[in-house]
Amino acid sequence: MEHVHARHDELPGQLTLHVGDEELLLDRARPRVRPNELVVAPVELHKRNVQRRLRERSASKGAFEFEDPVGASRSVLDETNVPSKAIDRIDRLALVRSLLTESESREAARVSLPPGVPSRDPQSVEQLRTEVEALTNFHPERVGAWRSGAESLYEPIDAESERQLDAALDVERALRERTSKAVSEAELVRRATRAITATEGSAWSDAYPEIERLTLVGVSSLSAPHADLVHSLLLATSLEIHVHFRRGTGEFLRSRTPALLDVTSPGREVFE
């Protein structure tokens, strides 16, 4: 089978990007007492697909440990005694609903929503917060780029774009005041990202002492939280990292990866 993989000139030598062709991963299957490769799948289905293909080959899974980004992040946080619990979506929606009700009863609303986002619909507000988090990871440089991009748009789209950003940031701040846990699982990924760089990689090596390679599979979109986690590993460890993009969106995502990694201090937040 033809495989497409490349090292981009602007990317660290530790990182290899692939479009499709998980055959390269499957070919590394062999018996081992302890796994030396962490296979990270953002979606459970992709993990099961890899495991199924290994069974079809009658190949040993001994070389592989399987996890998702949040699970890997929790393992890192547990090594650094950083809280690793997050509220779930149901609790988050309840907090958003409470926030919206409170804003309605005040003369000055706590959260000013942009046009098109119903003020009584917590799901729409949470969707906006989630989308901004996925695109920016609340990193100051990405938030600044959003504002700069909004300024280049025509009225009234420019103002609407900036209001969407501000609303999402306001909601995130308010939610943090209402819970002692992480607001989202993406926040756990950010915490782990910061822990990896702050400990110069020891938080990762303590959590995964035998792991020499990380393979991210089934990637149909590379969110900013996941990109920053990869970035921190590239900065602080000697880990070999492979990212397998799905065919269809893979070529575009591969071309966008240098820009996604082009931030300083991955995991930093605009709220600091």
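For the sequence shown, this note's numbering gives the first residue as -9, with consecutive numbering after it. Each residue gets a CB set at the ideal place from its N, CA and C atoms; glycine is no exception. Because the structure is a prediction, the values reported are computed rather than measured.
Counting C-beta neighbours from all protein chains within 10 Å, is the total for residue i 16 or more, i.e. buried, or is it exposed?
i     : result
I201  : buried
G61   : exposed
L229  : buried
Q117  : exposed
N71   : exposed
S48   : exposed
L84   : Reading the sequence as shown, one finds Ala at residue 84 and not Leu. Result: exposed.
T254  : exposed
T170  : Looking at the sequence shown, residue 170 is not Thr but Ser. With fewer than 16 Cβ atoms within 10 Å of its Cβ, S170 is classed as exposed.
E0    : exposed
Q113  : exposed
L35   : exposed
A31   : buried
D17   : exposed
M(-9) : Residue confidence for M(-9) is low, a pLDDT of 34 falling below 50, so the modelled location carries little weight; the figure read from the coordinates is stated next. It is exposed - the Cβ of M(-9) has fewer than 16 other Cβ atoms within 10 Å.
S63   : buried
S138  : exposed
V86   : buried
T126  : buried
With residue i as the anchor, note down where its alpha helix (DSSP H) starts and where it stops.
i    : result
T187 : 175 to 188
R38  : 34 to 46
R246 : 240 to 250
V60  : 59 to 70
H216 : 214 to 226
In its own chain, which residues sit with a C-beta less than 6 Å from the C-beta of residue i, not counting the 5 before and 5 after it?
i    : result
L243 : L212, F235
A124 : S213
P146 : The predicted position of P146 is uncertain, since its pLDDT is 49 and thus under 50; a value taken from the coordinates is nonetheless stated next. The answer is none, since no qualifying residue turns up.
R38  : none
E259 : F128
L15  : T205
A226 : I186, T187, E190, G191
Give every residue of the same chain whose Cβ lies closer than 7 Å to the Cβ of residue i, excluding the five residues on either side of it in the sequence, and list them in chain order.
i   : result
V66 : A182, A185, I186, A193, W194, A197
Starting from residue i, trace the beta strand (DSSP E) in both directions and tell me its first and last residue.
i    : result
T169 : First-last for T169: undefined, no H or E at that position.
H234 : 230 to 235
T254 : Neither: T254 is in no beta strand (DSSP E) and is coded neither H nor E.
R203 : 203 to 209
V299 : Because the chain here runs from -9 to 262, residue 299 falls outside it and cannot be looked at.
List the whole-angstrom C-beta distance separating residue i from residue j, where the pair is believed to meet the contact cut-off of C-beta under 8 Å.
i    : j    : result
V207 : V29  : 6 Å
Q154 : P104 : 5 Å
- prompt: Any contact of the region 42 to 61 with the region 155 to 168, i.e. 3+ C-beta pairs under 8 Å?
  reply: no
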